[in-house]
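Protein chains in written order, with full-length UniProt numbering: chain F, 1 to 180; chain Z, 1 to 277.
No residue lacks a Cβ here, since even glycine has one placed at the ideal position from N, Cα and C.
Report on the structure given below.
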């Protein structure tokens, strides 16, 4: 397995609480950037509530902002968030599956930018995100989904309470250096 | 032959060749557009044109200038509704207009005007604020086709949402006072149409063409990669007079550009920056 370079997370609006719980499980020393698309209304304020229990800062990035490890980047309302190398690329293109931001747009661009170095976690329950997960698999990335009606090849099933274990397998806990 | 896999070496090669062909044959430089966005736009354009590959698109574009125009439209994206993001127009009224009133004359540049909806919205605002007489409003875009649309001043008849946005933007009359209805279309009044100078200008390749007190460039630079966006920011900076205003999109900033230090952001203004150096 190639080392993890980027974690992408997608969720429909109904999964807000599950996403909050998952963010609370993030390791405080997350070695990669986390990019999150949550289906949302135009005037919803989400970065604050989502960051409340998360040990990592949750920010809504501006266009062309650099993606830094140890931060959660939340797609802003009304824009698709694409990954361009290690940079944010926002877009005003039409909605996909009725959604802007769209999960597929994020997952597809992330898989093209980082190939097998991407892990994607989809909170199921919406048609948006499945094509993106498939793209992640094709490029050799890791894909997981919280709720799935049926088995999908190459896509791991993670129960809502199992996100912590899944993350722990992705990001091996780095031991503290023992100081002399 | 089946289309190449997304993100494959072959697709990348086809993309490079297409961009090179468009540049060498038409002089439109798309090579520094933000790649992930460009690819999505091109793939959608392929689906709409029922083409399988970027090479097929290249063939069509090289032999048919209309196809090139179609490509430019596809890259420009859909037109935006009138007074989209009323908060911006509201803060422009509250924060920028009072300063413009103190100046004897004002040149305004709307860079990347597309099919002109936002330009007309701005024109309506300037008219309501009594600035129309001393303003010269220039609007530019790279696509001559979009400019031709914009010049006609004809847009789909505004819907209820657009009327509501106009009022939320601080509108003082009724939106329908500014156009005459023609079936499902609206034609903007002559005073508006004749007061806007639509002119072709390619932000990616052309230099500065005047000095302005206000530059509006909202969500246009999203299409460019970081290097090109920095080059364009240099042009915008050079085109702006000292103490002039630069209006960007809601999620755009000068923060990471080479000219960050030359601007001050107006607080709670929805991304209006003032050139102070």
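query	result
Can you give the Cα-Cα distance for residue 142(F) and residue 219(Z), rounded to whole angstroms?	33 Å
Residue 90(F) versus chain B: which residues are under 7 Å apart at the beta carbon?	In the structure shown, chain B does not exist; the protein chains are F and Z.
So residue 82(F) contacts chain Z; which residues on that side make the cut at Cβ distance below 8 Å?	34, 36, 37 and 40
Is it buried or exposed for residue 27(Z), if we count other Cβ within 10 angstroms and need 16 for buried?	exposed
Could you tell me which residues DSSP pairs with residue 200(Z) in its beta bridges?	141(Z)
Contact check, residue 42(F) vs residue 95(F) under 8 Å by CB: the rounded distance?	About 12 Å separates the two Cβ atoms, so there is no contact after all.
Would you report the Cα separation of residue 135(F) and residue 11(Z), rounded to the nearest angstrom?	15 Å
Taking 9 Å as the CB-CB limit, is residue 116(F) close to chain Z?	no
Thinking residue 146(F) and residue 124(F) are a contact (beta carbons under 8 Å), I'd like their distance in whole angstroms, please.	6 Å
Measure from the C-beta of residue 77(Z) to each C-beta in chain F and report whether the shortest distance is under 9 Å.	yes
Distance check for residue 153(Z) and residue 88(F), CA to CA, integer angstroms please.	35 Å
Residue 235(Z) and residue 207(Z) look like a contact to me (Cβ under 8 Å); what is the Cβ gap, rounded to whole Å?	7 Å
Among 48(F), 84(F) and 170(F), which one has its Cα closest to the Cα of residue 222(Z)?	84(F)
DSSP puts residue 84(F) in a beta bridge; with which residues?	87(F)
State the beta-bridge partners of residue 93(F) as determined by DSSP.	Its beta-bridge partners do not exist; DSSP assigns none.
Can you list, in chain order, the residues of its chain with a C-beta nearer than 6 Å to that of residue 137(F)? Leave out the 5 residues immediately preceding and following it.	143 and 154
State the beta-bridge partners of residue 155(Z) as determined by DSSP.	186(Z)
State the Cα-Cα distance for the pair residue 60(Z) and residue 185(Z), rounded to the nearest angstrom.	32 Å
Cβ of residue 189(Z) within 9 Å of Cβ of residue 175(Z)?	no
Just the C-alpha distance for residue 210(Z) and residue 84(Z), rounded to the nearest angstrom, thanks.	28 Å
Are there 16 or more other CB atoms within 10 angstroms of the CB of residue 182(Z), so buried, or fewer, so exposed?	exposed
Comparing alpha-carbon positions, which option in 114(Z), 94(Z) and 31(Z) lies nearest residue 74(Z)?	114(Z)
For residue 17(F), does the count of other Cβ atoms within 10 angstroms reach 16, so buried, or fall short, so exposed?	exposed
List the residues of chain F whose Cβ lies closer than 7 Å to the Cβ of residue 226(Z), in chain order.	64 and 87
Taking C-beta to C-beta, are residue 35(F) and residue 106(F) nearer than 9 Å?	yes
Helix, strand or coil for residue 262(Z) per DSSP?	helix
Do the region 114-134 of chain Z and the region 40-57 of chain Z touch if we need at least three Cβ pairs shorter than 8 Å?	no
When the Cα atoms are used, what is the spatial distance from residue 131(Z) to residue 262(Z)?	27 Å
Chain Z partners of residue 76(F), CB-CB under 8 Å?	250 and 251
Does the beta-carbon distance from residue 19(F) to residue 11(F) come in below 9 Å?	yes
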